[in-house]
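Participant: The structure that follows is given in the form of structure tokens.
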Amino acid sequence: MTDPRAADISLCICTFRRPARIDALLHALYRQTALRRVREIIVVDNDPGRSAAPVLERHAASCPVPLVAAHCPEPNISLARNTAIRQASGDWIAIIDDDETPVAGWLQHLIELAQAQAADGVFGPVVPVYPDATPAWIIEGRYFERRRLPTGALVPRTDVRSGNVLLRRSLLLQEPGPFDPAFGLTGGSDTLLFCRLLDRRARFLWCDEAVVHEPVEPGRATLRWLLKRAYRGGQSFIRVSALTTPGWRKPLRLAWLLGRAALQLPVALVLALGCWPWNPVRAIHYLRLASAQCGKLGAAVGLHYQEYRPRT
1 MTDPRAADIS LCICTFRRPA RIDALLHALY RQTALRRVRE IIVVDNDPGR SAAPVLERHA
61 ASCPVPLVAA HCPEPNISLA RNTAIRQASG DWIAIIDDDE TPVAGWLQHL IELAQAQAAD
121 GVFGPVVPVY PDATPAWIIE GRYFERRRLP TGALVPRTDV RSGNVLLRRS LLLQEPGPFD
181 PAFGLTGGSD TLLFCRLLDR RARFLWCDEA VVHEPVEPGR ATLRWLLKRA YRGGQSFIRV
241 SALTTPGWRK PLRLAWLLGR AALQLPVALV LALGCWPWNP VRAIHYLRLA SAQCGKLGAA
301 VGLHYQEYRP RT
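Under this note's numbering, the sequence shown has 213 at position 213, and the numbering climbs by one with no breaks.
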């Protein structure tokens with residue numbers, strides 16, 4: 001019988017102009033209770049100016065496991081992720097964002113559930129951390145809080161994302177890329193990949209104990225950012241739907257989705273205006289819904305918001 005402790009994991013991180021965050025994340029990873037199962041930590045610097053290089057050079061001498069520092073000079077989150085996957089040699093690949101902090105048992109919870117349930121992948125929750133100066137309406141609206149599932153539950157298409165996940169490397173090698181560079185500046189390549197894997201009958205489970213924390217940056221705690229993120233979510237939804245709906249069903253599904261968006265947009269705007277005087281938090285929910293419909297309709301005519309385009 002295979003010893004479960006012999007499982008090897010490649011920890012993959014992509015970073016872009018966040019040297020302080022990657023430094024803090026590496027220190028948090030060193031405290032993982034399952035660090036003995038990690039074959040390597042791979043950090044891909046996606047900044048053309050190599051802003052993470054000094055931090056990675058400093059950690060290279062003290063990292064308790066091999067630290068692989070790679071550089072992807074073209075700013076593109078898909079290309080950076082693909083670079084990390086190519087560098088990985090473990091049977092399992094754990095992906096965490098550079099602005100997240102895992103609890104000490106994060107990796108152990110993921111790998112134990114994956115092995116116990118013979119899963120192809122295990123997803124965990126990303127819990128927001130609100131700085132003291134965060135506006136009260138942001139916290140009350142819970143706009144950054146994502147749905148959580150019971151441990152062991154199957155993860156549906158609506159809940160797949162790359163910020164906290166453990167995957168079989170062999171599964172990723174079945175797809176070209178595996179992350180699509182066409183989504184590298186807009187986001188959504190992770191959703192596309194995981195939806196394609198689900199279509200191949202991949203079995204993804206949820207582990208609610210495998211928590212990572214993510215700070216809500218002041219620049220994101222604004223109505224403008226929330227609406228832009230909702231727009232991006234809408235455009236990703238349509239683009240992923242177009243690429244994962246086969247054959248003759250594609251035009252029918254897209255026509256239905258876009259027709260529904262055209263109907264929901266004015267309704268959401270009317271509800272937002274009606275709610276604003278007495279419940280602004282609820283009104284913002286409807287404004288985000290309206291922005292998502294704009295994203296869907298915009299994607300249909302090629303109006304793509306590139307959230308990850310570098311700002312000079």
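Don't be surprised by glycine CBs; every beta carbon is placed ideally from N, CA and C.
Buried or exposed: A88, going by 16 or more other Cβ atoms within 10 Å of its Cβ?
Facilitator: A88 comes out buried.
Participant: Closest to A133 by CA distance: which of P215, G152 and D91 is it?
Facilitator: Ranking the options by Cα distance to A133, first place goes to P215.
Participant: At the level of alpha carbons, what is the spacing between P125 and D99?
Facilitator: Approximately 14 Å, taken between the alpha carbons.
Participant: Within a Cβ cutoff of 6 Å, which residues of the same chain sit near S162, ignoring the five residues on either side of it in sequence?
Facilitator: Here the set comprises I95 and D190.
Participant: Rounded to whole angstroms, how far is the Cβ of L25 from the Cβ of T101, which I believe are closer than 8 Å?
Facilitator: Yes, L25 and T101 are in contact; Cβ-Cβ is about 7 Å, under 8 Å.
Participant: Taking the alpha-carbon of C14 as reference, which of A242, R232 and A70 has the nearest alpha-carbon?
Facilitator: Comparing Cα-Cα distances from C14 to each of A242, R232 and A70, the minimum goes to A70.
Participant: Please list, in chain order, all residues of the same chain as G177 whose beta carbon is under 6 Å from its beta carbon, the five residues on each side excluded.
Facilitator: Cβ within range, chain order: N82.
Participant: Express the C-alpha separation of P266 and I111 in angstroms, rounding to a whole number.
Facilitator: Their Cα atoms are separated by approximately 46 Å.
Participant: Among residues of its own chain, excluding the 5 on either side of Q306, which ones have a beta-carbon nearer than 6 Å to its beta-carbon?
Facilitator: Contacts found: L185 and T186.
Participant: Looking only at its chain, what residues have a beta carbon closer than 6 Å to the beta carbon of P218, apart from the 5 residues adjacent to it on each side?
Facilitator: Taken in chain order, the list of residues that qualify is empty.
Participant: Could you check what DSSP says for E40 in three-state terms: helix, strand or coil?
Facilitator: Of the three classes helix, strand and coil, the one that applies to E40 here is strand, per DSSP.
Participant: Does the segment 296-303 come close enough to the segment 218-238 that 3 or more CB-CB pairs lie under 8 Å?
Facilitator: Output reads yes: the segment 296-303 touches the segment 218-238.
Participant: Taking its Cβ as the centre, do 16 or more other Cβ atoms sit within 10 Å of H27, making it buried, or is it exposed?
Facilitator: It counts as exposed.
Participant: Would L149 pass as a contact of W206 if the rule is Cβ separation under 8 Å?
Facilitator: Yes. Within cutoff.
Participant: If you check the beta carbons only, do A210 and W106 fall under 8 Å apart?
Facilitator: Cβ atoms of A210 and W106: closer than 8 Å.
Participant: If I measure Cβ to Cβ from Y231 and keep anything under 8 Å in the same chain, skipping five residues before and after, which residues do I get?
Facilitator: Around Y231: S291, A292, C294, G295, G298 and Y305.
Participant: Pick out whichever of L243, R37, V281 and A255 has its Cα sitting closest to the Cα of G90.
Facilitator: If we check each option's Cα against that of G90, R37 comes out closest.
Participant: Which runs of the beta strand (DSSP E) fall wholly inside the segment 212-254 and span at least 3 residues, in chain order?
Facilitator: Complete beta strand (DSSP E) runs here, min 3: 212-215.
Participant: My assumption, with CB atoms under 8 Å, is that R39 sits in contact with I9. Please give the rounded CB distance.
Facilitator: Indeed, because the Cβ distance is near 6 Å, the residues count as touching under 8 Å.
Participant: Under the three-state reduction of DSSP, which class applies to C14: helix, strand or coil?
Facilitator: Of the three classes helix, strand and coil, the one that applies to C14 here is strand, per DSSP.
Participant: Anyone know if the C-beta pair for V43 and D23 falls short of 8 Å?
Facilitator: Taking 8 Å as the Cβ cut-off, V43 and D23 do not qualify as a contacting pair.
Participant: Roughly how far, in whole angstroms, is the beta-carbon of E175 from the beta-carbon of L193, given that I think they are within contact range, below 8 Å?
Facilitator: About 6 Å; that satisfies the 8 Å criterion.
Participant: Going along the chain, which residues of its own chain have a beta-carbon closer than 6 Å to the beta-carbon of L11, five neighbours each way excluded?
Facilitator: These residues qualify, in order along the chain: V38, I41 and A94.
Participant: By DSSP, does N82 sit in helix, in strand, or in coil?
Facilitator: In this structure, N82 counts as helix in the three-state DSSP scheme.
Participant: On the three-state DSSP scale, how would you describe P4?
Facilitator: Per-residue confidence for P4 stands at a pLDDT of 44, beneath the threshold of 50, marking its modelled position as unreliable; no derived number is given.
Participant: Straight-line CA distance for S170 to P135?
Facilitator: Looking at the two C-alpha atoms, the distance is approximately 44 Å.
Participant: Do the segment 272-289 and the segment 250-258 meet, that is, are 3 or more Cβ pairs less than 8 Å apart?
Facilitator: Cβ pair count under 8 Å is below three, so no.
Participant: By Cβ distance, which residues of its chain are closer than 7 Å to A202, with the 5 residues on each side in sequence left out?
Facilitator: Taken in chain order, the residues that qualify are D120, G121 and L171.
Participant: Alpha carbon to alpha carbon, how far is L243 from A61? Give it in angstroms, no decimals.
Facilitator: Rounded to the nearest angstrom, the two C-alpha atoms are 44 Å apart.
Participant: Assign L173 to one of two classes, buried (16 or more other C-beta atoms within 10 Å of its C-beta) or exposed (fewer than that).
Facilitator: The residue in question, L173, is exposed, as its Cβ has fewer than 16 Cβ neighbours within 10 Å.
Participant: With distance defined between alpha-carbon atoms, name the residue in G141, T151 and V129 nearest to A114.
Facilitator: Checked all of G141, T151 and V129; the closest Cα to A114 is T151.
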